[in-house]
Amino acid sequence: KLAKLCQCFNIDVKHPRIFTGPEDALFGFSVLQHEADGEKSMLVGAPWDGPPNNRKGDVYKCIVGEEKNSNCSKVNLGETALQNVSKNLRNSHLGMTLTPDSPDGFLACAPLWSQECGTSMFSTGICASVSDDLEPRETIAPTAQRCTTYMDIVIVLDGSNSIYPWYEVQNFLSNILSKFHISSDQMQVGILQYGEVAVHEWSLKDYQTTQEVVEAAKNISRQEGRETRTAYAIHMACTEAFSAERGAREGATKVMIVVTDGESHDGEELPDALEECKSRNITRYAIAVLGHYIRRQQDPETFINEIKYIASDPDDKYFFNVTDEAALNDIVDALGDRIFTLEGTLGYNESSFHMEMSQIGFSTHKLDDGILFGMVGAYDWDGGVLKEGTNGRIVPPREAFESEFPLELKNHAAYLGYTVSSVIVGDWRRLYVAGAPRFKHKGKVILFELSNEGDVNIVQALNGEQIGSYYGSEVCGLDIDQDGITDVLLVAAPMFLGSGNKEAGRVFVFNGTLKSEEKSQDARFGYALAAAPDLNHDGFTDLLVGAPLEDEHRGAIYVYHGDGIYINHSYKQRIPGSSISPSLQYFGRSVSARLDLDGDELIDLAVGAQGSAVLLSSRSIVQINVSLSFQPHSINVIQKTCQRGGRESACLNATACFTAVSRSPGPHSNNFGITLHFFHKLPKYHRLRVHTGQTLCYKLPFHVYVNYIRPISFSLRFKINDTESGPVLDEGWPITIKKSIPFFKDCGEDDVCTTDLVLQAHMDISGTSPRRRLAVEVQLQNRLENAYNTSLTLHYSRNLHFSSLSIRVDNTPCAANTLKILKTTTDIQFVILDFKTLIVSVTTGFFYSDSVEREDTLGDNSVQLQSFVQYEPDLFVSRYVYPAQQYFSFSSFLCSIYILFFLFFCAVTLI
495 KLAKLCQCFN IDVKHPRIFT GPEDALFGFS VLQHEADGEK SMLVGAPWDG
545 PPNNRKGDVY KCIVGEEKNS NCSKVNLGET ALQNVSKNLR NSHLGMTLTP
595 DSPDGFLACA PLWSQECGTS MFSTGICASV SDDLEPRETI APTAQRCTTY
645 MDIVIVLDGS NSIYPWYEVQ NFLSNILSKF HISSDQMQVG ILQYGEVAVH
695 EWSLKDYQTT QEVVEAAKNI SRQEGRETRT AYAIHMACTE AFSAERGARE
745 GATKVMIVVT DGESHDGEEL PDALEECKSR NITRYAIAVL GHYIRRQQDP
795 ETFINEIKYI ASDPDDKYFF NVTDEAALND IVDALGDRIF TLEGTLGYNE
845 SSFHMEMSQI GFSTHKLDDG ILFGMVGAYD WDGGVLKEGT NGRIVPPREA
895 FESEFPLELK NHAAYLGYTV SSVIVGDWRR LYVAGAPRFK HKGKVILFEL
945 SNEGDVNIVQ ALNGEQIGSY YGSEVCGLDI DQDGITDVLL VAAPMFLGSG
995 NKEAGRVFVF NGTLKSEEKS QDARFGYALA AAPDLNHDGF TDLLVGAPLE
1045 DEHRGAIYVY HGDGIYINHS YKQRIPGSSI SPSLQYFGRS VSARLDLDGD
1095 ELIDLAVGAQ GSAVLLSSRS IVQINVSLSF QPHSINVIQK TCQRGGRESA
1145 CLNATACFTA VSRSPGPHSN NFGITLHFFH KLPKYHRLRV HTGQTLCYKL
1195 PFHVYVNYIR PISFSLRFKI NDTESGPVLD EGWPITIKKS IPFFKDCGED
1245 DVCTTDLVLQ AHMDISGTSP RRRLAVEVQL QNRLENAYNT SLTLHYSRNL
1295 HFSSLSIRVD NTPCAANTLK ILKTTTDIQF VILDFKTLIV SVTTGFFYSD
1345 SVEREDTLGD NSVQLQSFVQ YEPDLFVSRY VYPAQQYFSF SSFLCSIYIL
1395 FFLFFCAVTL I
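Residue 1405 is where the sequence shown ends in this note's numbering, and the numbering goes up by one at each step.
Take a look at the structure:
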């Protein structure tokens, strides 16, 4: 059909808006359409923004104004949105994910945001909820745990006269303090020195960096005193040094390190002091310095027993002894290691270990009652999901998915939560969807229910079919008919190998696949998926698919149309990046289609590329209804109305009327041009302007010459002139109209020809054998109105041979251009000879007609004639005589044979 020659879809690729940003920042990694206070813009993620040693990442705002392109400005969310959570934002990569959060905000996520705990970095991830005016509202870090080094440490230091030399103690303090990770979210250290009295050298809250406490330790002077009141100092540390007034933090692990070189002078008070420590949940390390005893050659057994009594149990973990003050430095590493391994003995929930690399924000999905997060790195990279919403935080344990992800495969890194979504099924139940693209290296997608208690009911599992295809890395649910029920779930496998073992990519629609351009190269088709509300204005949701590696990494996007409750598997429009700009790379790495950004109330497309973001506008869609009329309305061969070639002819004037109707919402251009191509003998072309909502009639400036041999047929084809801007013709809309012009029928006012054809026939056999003739005479009469295209058909037996035909029409001469059988009698005679077969059809009338004809007396429209013929065969018989045998013959033989000669049937049909 001619309509298929026209690509009717309406994404404008001739007038794109291209926004550029720093390529090394991965500007374009994510895109999100945005509107606030009447200002429309694109938000573009640049997760590698920042110097090479600190890729904090950020989001850029690109305003969509009157000018074709505009500059993009950095929002600086990396500095403001996450600052109140942690001062350590190094390499957090904010902007990897941009997700609509609510009608007036969005989520910007940094899945590689890490917590520094001791010498380890844990990528738990973090998201920032941002308002439409780009002001941070709150941070969301549901898997962020307090570091195991979240400790308040008080060193109870013996400063009595027996400690010698003091600088060795100072060295020990500097060395052990340099091992501690001092910060507001890790360790705090206070020092209480005692002898006869106890003094707070500094409190827990006084210093917030390791460097500060190391410098402070160098300036501590010995307290001195003749007594060692250890019980008194321990009690004071428990009740005062670990108080909130001195900076103790709720939830921090409390650790006391007691360093002394002699028995206490208030040993009888030790039980009460230690009981106070136990009631406050304070863990105690005790170090016995034996220098004083060794120098005096005294037995330290009683002293050692007292220090073991001070230390928490077991002794082999919490008790140390050294030969002298200098030897304190020999236990620095061992003491530090034992303190850092306190985690696991202090009542922490076991699941806190499993969330250390969860990377919250790698995938997110907005729900009516909260947000669904994918935890791709949780549980040793087996992955998981987390829901944060009105019912609190729901974290299903690893065992909840055991039926589809066996625990024996826990070290295979399935990456569950690489993508997350949800669907609404027929009974209005919500099912959550999570992809695990590395499960058994083929990938898997699960659909499950999640209760408020964290119980999981897996409803369905979809398994990948090809190793390495990354099946389940993207999922997208579509409510195509927009009734609230999800109609289609699409699952992408962007690394699916196609022909030539190249990563062509594939998108599965449950039991089908989407068709893309056949490419013998890498494409990563399905790397990005996005629902589009209704691009072609037919009331159905559409789909965008990104293929960023297609065309040698230039990239492309595909547009698919919804239809009813299905998605058409063949794409409607393919938009290669090279058609937008020859410099684009990885066009289609991210897509977003949810808002009108250019002000025409039509949905626009935002597409991310390497260092660029592209805005593609939609074009309005029109339907053009065409009607053809002629003056006069029919051809009367009797009346001549014009001269053509020196001959009188019947001529016509044709008028074409156009009514343009817009199928698109909102204001749009209603004045556009079309070109007409109309055909009768030679094609002619005319251009005119059409306004939507109005009817424009155009009189074709020529006459039509009537040819009396064949019917008059008129064809008109049209197209919209401006193919680069303005509206486009509705897809599948006919662009050709054909009409045949009827002849004048002369059948009265009702324009219905009522006929009464009467057929009479008889036959006569004459002549002598073997040239005998069978003559058939047929008489056809029309007693009422004109009968058009009347035919006479003669059927006879195969042993007859047609000889001749003569026609006689009463009162009217017979002519080859006879148009109709008038109200008269027509006689037709057939002469048939020999015994061969010939079928004859006689027709009167040579013109096409759309006449409406009717005859109510059909009984006299056919005649059947029959005759029997006798033949004389004239047979001759001879005889021959042979030895021993004699044959006899008859001299004559007469046989009379009666033969059914033929069955004659004459019928009259009306066409």
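All residues carry an ideal CB built from backbone N, CA and C; glycine is no exception.
Would you call the CB atoms of residue i and residue j closer than 8 Å?
i	j	result
E968	T1007	no
F814	I781	yes
Q609	A638	yes
V917	G929	no
L537	L601	no
A1100	V525	yes
T1189	C1151	yes
Y688	G653	yes
G868	S857	yes
K550	G515	no
A540	D531	no
L1029	V507	no
Q702	S668	no
Quick check: the Cα distance between residue i and residue j, rounded to an integer number of angstroms?
i	j	result
L984	F1004	7 Å
Q1117	R511	28 Å
H859	V558	26 Å
C1247	E1279	6 Å
D646	R778	12 Å
G992	K936	15 Å
T755	M615	One detail in the question is off: residue 755 reads as Asp in this sequence, not Thr. C-alpha separation (whole angstroms): 38 Å.
T1153	H1185	8 Å
D862	D981	19 Å
V1120	F1212	9 Å
I676	Q705	8 Å
K1317	S1143	Only weak support exists for where K1317 lies, its pLDDT of 36 falling under 50; the value from the coordinates is given anyway. Cα to Cα, the separation comes out at about 27 Å.
Q1323	E1349	Residue placement at Q1323 is poorly supported in this model, since its pLDDT is 49, which falls under 50; the coordinates still yield a value, given next. One C-alpha to the other measures close to 25 Å.
E517	V1085	18 Å
H1031	I1115	8 Å
I599	T574	The sequence shown places Gly at residue 599, not Ile. Distance between the alpha carbons of G599 and T574: 16 Å.
S535	E529	6 Å
R790	S656	11 Å
I1051	A1107	13 Å
M849	Y965	24 Å
E1243	H1127	15 Å
Y926	R1113	35 Å
Quick check on DSSP: helix, strand or coil for residue i?
i	result
Q1254	strand
S1158	coil
K1330	Low local confidence applies: a pLDDT of 30 at K1330 is under 50, so the model's placement there is unreliable, with the coordinate-based value given in what follows. K1330 falls in the coil class under three-state DSSP.
R789	helix
A1309	Unreliable positioning characterises A1309 in this predicted model, as indicated by a pLDDT of 30, which lies under 50. The coordinate reading is nonetheless provided below. DSSP places A1309 in coil when its eight states are reduced to three.
T817	coil
N713	coil
I979	coil
E837	Its pLDDT being 45, under 50, E837 is placed unreliably by the model, and nothing is read from it.
R832	helix
C621	strand
K772	helix
P1042	coil
N655	coil
Report back the beta-carbon spacing between residue i and residue j to the nearest angstrom; my notes put them in contact at under 8 Å.
i	j	result
A1026	D1036	4 Å
I1069	F1237	Going by Cβ atoms, the distance from I1069 to F1237 rounds to 52 Å, so no, they are not a contact pair.
Y1021	H1047	Wrong, their Cβ atoms sit about 12 Å apart, outside the cutoff.
V683	V708	V683 to V708, Cβ: 10 Å. No contact.
A1103	L1078	5 Å
Y787	P794	4 Å
Exercise for the section: Specify whether the region 757-777 and the region 719-728 touch according to this definition: at least 3 beta carbon pairs, one from each stretch, less than 8 Å apart. Expected result: Three or more pairs of CB atoms, one per stretch, sit closer than 8 Å, so the region 757-777 contacts the region 719-728.
Practice task
Pair every Cβ in the region 621-633 with every Cβ in the region 711-721, then say whether three or more of these pairs are closer than 8 Å.
Solution key: Output reads no: the region 711-721 does not touch the region 621-633.
Practice task
Mind the definition here: the region 939-948 touches the region 880-894 only if three or more C-beta pairs lie below 8 Å; say whether that holds.
Solution key: The region 939-948, when compared against the region 880-894, does touch it at the 8 Å Cβ threshold.
Practice task
Give a yes or no on contact between the region 1351-1359 and the region 1241-1261, applying the rule of three or more CB pairs nearer than 8 Å.
Solution key: The region 1351-1359 is in contact with the region 1241-1261.
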